[in-house]
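Respectively, the protein sequence lines represent chains E and V.
The first sequence begins at 33 in this note's numbering and counts up one residue at a time.
The second sequence begins at -8 in this note's numbering and counts up one residue at a time.
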Amino acid sequence: MRGDLAIEVTDLGKRFELGANRGGYKLLTETLAERFRTLGRPRETGEFWALRDINFEVRDGETVGIIGHNGAGKSTLFKILAKITRPTVGEARLRGRVGALLEVGTGFHPELTGRDNVFLNGAILNMSRAEISRKFEEIVEFADIGPFIDTPVKRYSSGMQLRLAFSVAAHLEPEILIVDEVLAVGDLAFQQKCLRRMESASREGRTVLFISHNLASVRTLCDRAIMLADGRIAAEGATHEVIDAYVGGIESEQHLSLRERERRGKTSGRLRFTDIWFERNGKPVDSLVTGEDQDIVLSYESPDGLPVRGANFGMTIATSSEGVPMLNLYSETTGALFERLPGSGHVRCHLPRLPLPAGQYFLNVWSDYEGEQLDAVMAAVDFTVAGGDFYGSGREPTPDHRTVLVDHAWSITGSAAEELAQSSSSSA
Amino acid sequence: MATAERSSASAEVVVAPPTGWGALDLRELWAHRELLYFLTKRELQVRYAQSFFGVAWVVLQPLVLAFILALFLGHFAHTLSGQGVPAAVFAVSGLVPWLFTAAAVTNAANSLVQDAPLISKVYFPRLALPLSKALSLLIDLAIALVVLLVITFVYGVGIQSTFFLVPVFLLLGIVSAFAVGTWFAAINVKYRDVGQVVPMLVQILFFLTPILYSSTIVPEKWQYILALNPMVAVIDGVRWSLYGIDFPHPGIILVSVGSALALLVGSLIYFHRTEQYFADVV
């Protein structure tokens, strides 16, 4: 292993057996019966490589992000690097004390007091008793638990539990920090507090491997990123390039044909949508990103190929889960009047700084003109909005706030007395 | 620069595919001794915080059991007890080591499945889990021993000068209980129905162990086979050390010690071979 490396991963692969109906465990009686039935016959086992041919290096003091869709192998990679599970082939070498955070509050016990849980959880995260004692005051203060530290954790609110758990985790000071998605939970303010601590960790020269969906924080924290897809490394390099590749979905089909789709209601068919796709920086992409400038493009044609006289275009973007309309886009209201259109062409809708938080959405498209419906396709496309940095603050809006994002600014004014009253009421 | 800052203790860790017969890494367990301490402490705190009686339960359990047994077996007590120790003293002296073993085996056997989230989310030597269960029960054992001594004095039974050998025999029991519990714990991760069988096995062993009877009433040729259960030597040994009764034949002790060691080695090998898969299976 080279002297300047903290992590070296060589030809790593992890295979799982398929066919287990439960997690992975079995019943002995069942297994024996199965053995007996299949006596003499070769056993059929399906297998699946969660990770394959993984090679990468992380230098000392580097902060590297690992991104990828669900099931791309991120968690398996985390578990191998954290020594929780073993690879099937290859090896990973890590030099330095490793701190791995898969989840905050692992091993928290509801019957124990906050104090006892801090020590237990710290020991589980491989902190020494002396280290925990030294940082104890700081941990309690960071968590803002105050007098409740000697109360059993079962009496805490879920927010308090989470804050205490985060606080222990945030005080972990290993030489190599591996973090998986832990910041996906918890309230925003506290997440940011933790992110700031992590930023300072990487500034102190610690090696950080950050495994996340949270593109905004990967962008802020990481020097370099690795993208996993189907258990292999799909892209590696400067963070922004890898993130572009990730949201660009290099290998997906970007044009979705609308020719065969069912139409809504009575349409005149004077114009028909043929395809729909998204573009960012002039390049087709298969998902949108919060806060980025993007285009939704529709291609259309007229049945006879002759120019179309008069058409307005509209789109509605709604959430996939509840079908709540979030954005309504209509050409006429923006003042774009299309009195005469070519016989076939593209309708482009430019959306600067997409104000939607990360999540799943669908899109209805239609065209009408003076009470006539030319064409309409419901749920023309289902798509993902990947989280991004809408406010340019390095902090991603939480996806559980299903609202449209708008620019706004905060400030506080008042006399000293008011301030005091405010702070005491907020701490009560 | 960062290299220079790195502590000298930071060794290189290699995560590689599982090996069949790697050496059991006791150094690693030692390195995690503070975790073991906190896990053991958690056991004690949770056990005593959750049950209404708390410590009182540890005291009451052998007493209540002995009382019930004395009620039912009172008539036969003199024949059962062997060489002149009151039935209650005889029963409690057998129950105290047995209750420890039964609890240690059952708790250790469930330890890994119980803490499945811990296993799948954090790395630490897995052996710490069954070990912490056994260690926490040592406190209960110590309390129960005090109860035994009190009962002994109440009945006016004298203690032999060999009493200092009691811990030696108890150690044999602790090792066996830990070995069996750990073995079941590892099997239980993969085959979830085995855990349900453990309490039944413990129940059967209760009757195969000279708790309510003296091993001297067993025909001699059977004694050696029964001694494969290390608890035979443990209970005979404790009674002999304290009261000078039921002196175990050295051959029987040898069989029990051999059996305990075989269980320990077998269980550690099995545990070590399977622990590499725990997180994938549990």
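Here a beta-carbon is modelled for each residue, glycine too, at the ideal position from N, C-alpha and C.
Legend entry - Where arginine 264 of chain V meets chain E, residues with beta-carbon distance less than 9 Å: Here residue 264 of chain V is taken as the residue at index 273 of the second sequence, counted from 1. Near arginine 264 of chain V there are no residues of chain E at all, since even the closest Cβ is about 12 Å away, more than 9 Å.
Inset, instruction - Under 8 Å by Cβ, that's how I've got leucine 144 of chain E and leucine 152 of chain E pegged, so tell me the actual separation to the nearest angstrom. - result: Your numbering for residue 144 of chain E matches position 112 in the first sequence. Your numbering for residue 152 of chain E matches position 120 in the first sequence. That belief holds up - the Cβ atoms of leucine 144 of chain E and leucine 152 of chain E are roughly 7 Å apart, short of 8 Å.
Inset, instruction - Flag tyrosine 182 of chain V as yes if its beta-carbon sits less than 7 Å from any beta-carbon of chain E, otherwise no. - result: Position 191 of the second sequence, counting from 1, holds the residue named residue 182 of chain V. Yes, because at least one Cβ of chain E sits closer than 7 Å to the Cβ of tyrosine 182 of chain V.
Inset, instruction - Could you tell me whether the Cβ of alanine 201 of chain E comes closer than 7 Å to any Cβ of chain V? - result: Working through the first sequence from its first residue, we reach residue 201 of chain E at position 169. Output row for alanine 201 of chain E: interface = no.
Inset, instruction - Report all residues from its chain with a CB closer than 7 Å to the CB of glutamate 34 of chain V; omit the five preceding and five following residues, and keep chain order. - result: To locate residue 34 of chain V, count along the second sequence from 1; it is residue 43. The residues are Ser123, Lys124, Ser127.
Legend entry - Three CB pairs or more closer than 8 Å across the segment 264 to 272 of chain E and the segment 302 to 309 of chain E: no
Legend entry - Contacts around proline 374 of chain E, its chain only, beta-carbon distance under 7 Å, and the 5 residues preceding and following it disregarded: Start at 1 with the first residue of the first sequence, and residue 374 of chain E comes out as number 342. Excluding residues within five positions, the ones whose Cβ falls inside 7 Å are Pro339.
Inset, instruction - For glycine 45 of chain E, decide whether its Cβ has a neighbour in chain V, counting only Cβ atoms nearer than 7 Å. - result: By 1-based counting over the first sequence, the position of residue 45 of chain E is 13. No - not a single Cβ of chain V is within 7 Å of the one on glycine 45 of chain E.
Inset, instruction - Please confirm if lysine 124 of chain V has its CB atom under 7 Å from at least one CB of chain E. - result: Position 133 of the second sequence, counting from 1, holds the residue named residue 124 of chain V. Chain E contact via Cβ: absent.
Inset, instruction - Given a cut-off of 7 Å, decide if valine 4 of chain V and leucine 241 of chain E are closer than it, judged by their beta-carbon atoms. - result: On the first sequence, position 209 is the one that residue 241 of chain E refers to. On the second sequence, position 13 is the one that residue 4 of chain V refers to. Cβ distance not < 7 Å, so leucine 241 of chain E and valine 4 of chain V don't count as in contact.
Inset, instruction - Kindly indicate if chain E contains any beta-carbon less than 7 Å away from that of proline 9 of chain V. - result: Sequence index remark: in the second sequence, residue 9 of chain V carries index 18 (1-based). Output row for proline 9 of chain V: interface = yes.
Inset, instruction - Look up glycine 367 of chain E in the DSSP assignment and say whether it is helix, strand or coil. - result: Numbered from 1 along the first sequence, position 335 holds the residue referred to as residue 367 of chain E. DSSP places glycine 367 of chain E in coil when its eight states are reduced to three.
Inset, instruction - Go ahead and label valine 356 of chain E buried or exposed: buried means 16 or more other beta carbons lie within 10 angstroms of its beta carbon, across all protein chains shown. - result: Looking up residue 356 of chain E in the first sequence gives position 324. Exposed.
Legend entry - Range of the contiguous alpha helix (DSSP H) that encloses lysine 186 of chain E: Residue numbering aside, residue 186 of chain E sits at position 154 when the first sequence is read from its first letter. Taken as a continuous stretch (DSSP letters only), lysine 186 of chain E belongs to no alpha helix (DSSP H), as it is neither H nor E.
Inset, instruction - Counting only the same chain and skipping the five closest in sequence on each side, list residues whose C-beta sits under 6 Å from that of aspartate 325 of chain E. - result: The residue labelled residue 325 of chain E in the question sits at position 293 within the first sequence. Excluding residues within five positions, the ones whose Cβ falls inside 6 Å are Pro384.
Inset, instruction - Could you pull out every unbroken beta strand (DSSP E) segment of at least 3 residues lying fully inside the segment 362 to 414 of chain E, listed in chain order? - result: 370 to 373, 376 to 383, 391 to 401
Legend entry - With 16 other Cβ atoms within 10 Å as the buried cut-off, status of alanine 65 of chain E: Residue numbering aside, residue 65 of chain E sits at position 33 when the first sequence is read from its first letter. Its Cβ having fewer than 16 others within 10 Å, alanine 65 of chain E is exposed.
Inset, instruction - Taking C-beta pairs closer than 7 Å, name the residues in chain E that arginine 33 of chain V reaches, listed in chain order. - result: On the second sequence, position 42 is the one that residue 33 of chain V refers to. By Cβ distance, chain E contributes His141, Leu144, Leu152.
Inset, instruction - Could you say which of E/Gly403, E/Thr299, E/Leu109 lies nearest to glutamate 364 of chain E if we only look at CA atoms? - result: Working through the first sequence from its first residue, we reach residue 364 of chain E at position 332. Taking only the C-alpha atoms, the option nearest glutamate 364 of chain E is E/Gly403.
Inset, instruction - Go ahead and label glutamate 49 of chain E buried or exposed: buried means 16 or more other beta carbons lie within 10 angstroms of its beta carbon, across all protein chains shown. - result: Walking along the first sequence from the start, residue 49 of chain E turns up at place 17. Exposed, by the Cβ-count rule.
Inset, instruction - Please work out which residues of its chain come closer than 6 Å, Cβ to Cβ, to glutamate 371 of chain E, disregarding the five sequence neighbours upstream and downstream, and give them in chain order. - result: The count along the first sequence starts at 1 and reaches residue 371 of chain E at position 339. So the list reads Gly342, once near-sequence residues are dropped.
Inset, instruction - Please check if any C-beta of chain V sits within less than 7 Å of the C-beta of arginine 147 of chain E. - result: Your numbering for residue 147 of chain E matches position 115 in the first sequence. By this cut-off, arginine 147 of chain E is not an interface position.
Legend entry - Residue closest to isoleucine 258 of chain E, alpha-carbon to alpha-carbon, out of E/Ala104, E/Met33, E/Tyr57: Sequence index remark: in the first sequence, residue 258 of chain E carries index 226 (1-based). Measuring from the Cα of isoleucine 258 of chain E, the nearest candidate turns out to be E/Ala104.
Inset, instruction - Quick one: residues in its chain with C-beta nearer than 6 Å to the C-beta of asparagine 53 of chain E, no 5 flanking neighbours on either side, listed in chain order? - result: Here residue 53 of chain E refers to the residue found at position 21 when the first sequence is read from its first residue. Only weak support is given to the placement of asparagine 53 of chain E: the predicted model assigns it a pLDDT of 43, under 50, and the value that follows is read from those uncertain coordinates. Within the same chain, asparagine 53 of chain E has no close Cβ partners at all.
Legend entry - Contact set between glutamate 135 of chain E and chain V, taken where Cβ atoms lie within less than 7 Å: Taking the first sequence and counting its residues from 1, the one referred to as residue 135 of chain E is at position 103. Simply Lys112.
Inset, instruction - Examine chain E for any beta-carbon lying closer than 7 Å to the beta-carbon of phenylalanine 175 of chain V, and answer yes or no. - result: Indexing the second sequence from 1 puts residue 175 of chain V at position 184. Output row for phenylalanine 175 of chain V: interface = no.
Inset, instruction - Using the DSSP secondary-structure output, state which residues sit across from glutamate 311 of chain E in a beta bridge. - result: In the first sequence, the residue the question calls residue 311 of chain E occupies position 279. Paired residues: E/Pro316, E/Asp327.
Inset, instruction - With DSSP collapsed to three states, give me the class of proline 221 of chain V. - result: For this step, residue 221 of chain V is matched to residue 230 along the second sequence. Reduced to three states, the DSSP call for proline 221 of chain V is coil.
Legend entry - Residue ranges of each alpha helix (DSSP H) within the segment 86 to 167 of chain E, 4 or longer: 106 to 113, 146 to 156
Legend entry - When E/Ser189, E/Arg195, E/Thr183, E/Gly97 are compared against glutamate 170 of chain E, the one with the closest alpha-carbon: Within the first sequence, residue 170 of chain E is the residue found at index 138, counting from 1. Checked all of E/Ser189, E/Arg195, E/Thr183, E/Gly97; the closest Cα to glutamate 170 of chain E is E/Arg195.
Legend entry - Sequence-distant residues of its chain with Cβ nearer than 7 Å to tyrosine 401 of chain E (five each side left out): One-based indexing of the first sequence puts residue 401 of chain E at position 369. Closer than 7 Å at the Cβ level, and outside the excluded window around tyrosine 401 of chain E, lie Gly342, Ala343, Asn344.
Legend entry - 7 Å Cβ cutoff, leucine 59 of chain E in contact with chain V: Your numbering for residue 59 of chain E matches position 27 in the first sequence. Interface residue, yes.
Inset, instruction - Could you tell me whether the Cβ atoms of isoleucine 226 of chain V and glycine 85 of chain V are closer together than 7 Å? - result: Translated into positions along the second sequence, residue 226 of chain V becomes position 235. Translated into positions along the second sequence, residue 85 of chain V becomes position 94. Yes. Within cutoff.
Inset, instruction - Pull up the distance between the alpha-carbon of threonine 153 of chain V and that of threonine 10 of chain V, whole angstroms please. - result: Indexing the second sequence from 1 puts residue 153 of chain V at position 162. Indexing the second sequence from 1 puts residue 10 of chain V at position 19. If I take the Cα positions, the gap works out to 47 Å.
Inset, instruction - Evaluate tryptophan 213 of chain V with the Cβ neighbour count: other Cβ atoms within 10 Å of its Cβ, from every protein chain shown; 16 or more gives buried, anything less gives exposed. - result: Reading the second sequence from its first residue, position 222 is the one you call residue 213 of chain V. Answer is exposed; the Cβ neighbour count stays below 16.
Legend entry - Which of helix, strand or coil DSSP assigns to glycine 249 of chain V: Taking the first residue of the second sequence as 1, we reach residue 249 of chain V at position 258. If DSSP states are grouped into helix, strand and coil, glycine 249 of chain V belongs with the helices.
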